[in-house]
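2 protein chains.
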Amino acid sequence: MNPVRILIADDHEIYRRGLRNLLETQANWEVAGEAITGRQAVEEAKRLSPDLIIMDISMPEMNGLEATRQICKIAPDTQVLILSIHENEQLVHEVLEAGARGYVLKSDAGRDLIAAVESLCQHKPFFTPKVSEMVLEGYLKGGSVSDNYKSPQNRLTAREREIVQLLGEGQTNKEVAESLNISVKTVETHRSHIMEKLNMHSLGDLIRYAVRNHLIQP
Amino acid sequence: MNPVRILIADDHEIYRRGLRNLLETQANWEVAGEAITGRQAVEEAKRLSPDLIIMDISMPEMNGLEATRQICKIAPDTQVLILSIHENEQLVHEVLEAGARGYVLKSDAGRDLIAAVESLCQHKPFFTPKVSEMVLEGYLKGGSVSDNYKSPQNRLTAREREIVQLLGEGQTNKEVAESLNISVKTVETHRSHIMEKLNMHSLGDLIRYAVRNHLIQP
DNA sequence: GTCCGCTCTCAGGTATTTCCCTATGCTCTC
DNA sequence: GAGAGCATAGGGAAATACCTGAGAGCGGAC
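As you go down the protein sequences, you meet chains A and B in turn.
Take the first sequence: its position 125, counted from the start at 1, is 125 in the working numbering, and no numbers get skipped.
Take the second sequence: its position 88, counted from the start at 1, is 88 in the working numbering, and no numbers get skipped.
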């Protein structure tokens, strides 16, 4: 039987160590790689085609939510397990919408992570008890999750959200352009589209928007 | 030479694993015990008399700040190193007041933790670069930290705080100048002073600072 | 299959804003 | 009265905003 190949995406080195250490206690599991940013996670997912990704939400450059969206699109066979400190209903629905199949709170991870990984490997979703209630509620309300969830950032495209995050992290247009390997002009275009869509008129508005919508940490 | 005996206090099992794993790479260091709550940390500090405690801030039952206060009172020989995700000036000064001798951001921990532990073992304080500037300024101003740091934004002058707030609320330099009936040039000067004082390089940084320090609402 | 709409990409040009350095009063302290 | 800190501001260089325009790719509609 082939080993289960796992990619770890978390910006804290200590936490990655802890995860690796825990996962390696399991026979037949293999940590195939590590990623520090969402962008790296996407790249490594492409390169390594892991069976499963353990994904933190808050990461620099690109957050885990956005990374999950992209990975589930380009590599639908890869299972994504979200590890988050946020016990936030909105966020749970967002990550499910993005394509993740599991959500474990970091405070429960020591107890539940192994079970969660096992579950996802058998293509069954997994949620820590606190989370599963929220999820259930979402479905019971009728309609799909997406019907219930119309957050304003859905109006932004993936690329636009990405740019909002980088700007929010303090990068200038020029730095964003370098980070994404695109022209400054392109960044300017995106930026003006974003401003227009959200009806904002200054970078300050944009950044507060990003903080409110958990695209960045204050 | 006796080994350095370390107590780990953090409520996340994965994180404790990571810490233990990292610390055990060092010869002559020994993880004497673990605590999951602040209360446990106090008890274990009494029972084990470790040389050093690595202390998370957010823990259930009793937070790391309160635990630090108690431990520094009952076991003044034990060094406390704070490990926190919060880049918040107020908090830094509170933990120093409480008796901690080091403050490392979790995002920097992988790089700085070993150095921090070494430093504290030689009874030298240690702070990650981002943090050390805040601290340094506090001491350079003379008097105790608490005198100067009733609130972190004391480092900025009244006028500067006013400007940070207006910028944070989404006003442009020009609008701020109109609001305050001063020249745009003056606003620019204030702004660059603020940036310099806080060691920031973009409006994004500034706004996140303002949100963290409750100068504005996100 | 083709067309339409959306997205991402980029360019050029001008107006505007910001950045960086310097400088002048003013007040308070030592 | 010398110096430190603060609020004020100017000049020139750099960056950004704001417009128009446009090609390439992609997915859904018909």
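Ideal Cβ placement from N, Cα and C applies to all residues, glycine included.
Closest Cα partner of Ser202/B within the set Asp11/A, Asn213/A, Leu166/A and Val184/A: Closest option to Ser202/B, Cα to Cα, is Leu166/A.
Cβ-Cβ distance between Leu163/A and Val187/A below 8 Å: Note on identity: in this sequence residue 163/A is Ile, with Leu being the wrong assignment. In contact: Ile163/A and Val187/A (Cβ atoms closer than 8 Å).
Neighbour flag for Lys106/A against chain B, beta carbons, 8 Å: Chain B, which has a Cβ nearer than 8 Å to the Cβ of Lys106/A, makes this yes.
Tyr223/A at chain B interface by Cβ criterion, 8 Å: Examination of residue 223/A is not possible in this model, given that chain A is present from 1 through 218 alone.
Sub-8 Å separation of Lys197/B and Arg161/B beta-carbons: Taking 8 Å as the Cβ cut-off, Lys197/B and Arg161/B do not qualify as a contacting pair.
Beta-carbon proximity check, Pro3/B vs Asn28/B, cutoff 8 Å: For the 8 Å CB-CB criterion, Pro3/B and Asn28/B form a contact.
Assigned secondary structure, Ala109/B (DSSP; H/G/I helix, E/B strand, else coil): If DSSP states are grouped into helix, strand and coil, Ala109/B belongs with the helices.
Exposure label - Pro218/A; buried when at least 16 CB within 10 Å: It is buried - the Cβ of Pro218/A has at least 16 other Cβ atoms within 10 Å.
Below-8 Å beta-carbon distance, Ala109/B vs any chain A residue: At a cut-off of 8 Å between beta carbons, Ala109/B contacts chain A.
Leu96/A, DSSP secondary structure in three states: Helix at Leu96/A.
Span separating the alpha-carbon of Arg111/A from that of Ile182/B: Approximately 59 Å between the Cα atoms of the pair.
Closest Cα partner of Lys73/A within the set Ser119/A, Val42/A, Leu113/A and Glu13/A: From the listed residues Ser119/A, Val42/A, Leu113/A and Glu13/A, the smallest Cα separation to Lys73/A is found for Val42/A.
Gly170/B (DSSP reduced to helix, strand or coil): Here DSSP, grouped into helix, strand and coil, assigns Gly170/B to coil.
Cutoff 6 Å; reference Ile85/B; Cβ partners in own chain excluding five residues on either side: Sequence-distant Cβ neighbours of Ile85/B in its own chain, meaning closer than 6 Å and more than five residues away, are Lys106.
DSSP state of Pro152/A mapped onto helix, strand, coil: Per-residue confidence for Pro152/A stands at a pLDDT of 42, beneath the threshold of 50, marking its modelled position as unreliable; the derived number appears in the next sentence. In the three-state reduction of the DSSP assignment, Pro152/A falls in the helix class, which pools H, G and I.
Minimum Cβ-Cβ distance from Ile207/A to chain B less than 8 Å: Interface residue, yes.
Contacting residues, own chain, Cβ-Cβ under 7 Å from Val31/A (five flanking each side not counted): Cβ contact annotation for Val31/A (same chain, cutoff 7 Å, sequence separation greater than five): Ile6, Ile8, Arg20, Leu23 and Glu24, in chain order.
Proximity below 8 Å, CB of Val104/A to CB of Leu113/A: A contact, by the Cβ cut-off of 8 Å.
Contact check, Asn199/B vs Gln90/B, beta carbons under 8 Å: The Cβ-Cβ distance between Asn199/B and Gln90/B does not fall below 8 Å.
Neighbouring residues, chain B, relative to Glu169/A (Cβ below 8 Å): Using a Cβ-Cβ cut-off of 8 Å, Glu169/A is close to Gly204 of chain B, given in chain order.
Collapsed DSSP secondary structure at Met55/B in the structure displayed: When secondary structure is reduced to three states using DSSP, Met55/B falls in the strand class.
Neighbour flag for Leu19/A against chain B, beta carbons, 8 Å: Any Cβ of chain B closer than 8 Å to the Cβ of Leu19/A would place that residue at the interface, and such an atom is present.
Residue ranges of each alpha helix (DSSP H) within the segment 30 to 54 of chain A, 4 or longer: Segments of the alpha helix (DSSP H) lying fully in the segment 30 to 54 of chain A: 38 to 48.
Counterpart residues of Ser84/A in DSSP-defined beta bridges: Answer is Leu105/A.
Closest residue to Glu87/A among Arg101/A, Glu61/A, Thr128/A and Tyr15/A (Cα-Cα distance): Comparing alpha-carbon positions, the option among Arg101/A, Glu61/A, Thr128/A and Tyr15/A lying closest to Glu87/A turns out to be Thr128/A.
Contacts that Arg212/B makes with chain A (C-beta to C-beta distance below 7 Å): Those within 7 Å of Arg212/B in chain A are Pro218.
Any chain B beta carbon closer than 8 Å to Thr189/A: No, Thr189/A does not count as interfacial toward chain B.
Contacts of Asp11/A in chain B (Cβ-Cβ under 7 Å): Here the neighbours are Ser107.
Contacts around Glu94/B, its chain only, beta-carbon distance under 8 Å, and the 5 residues preceding and following it disregarded: Closer than 8 Å at Cβ, skipping near neighbours: Leu65.
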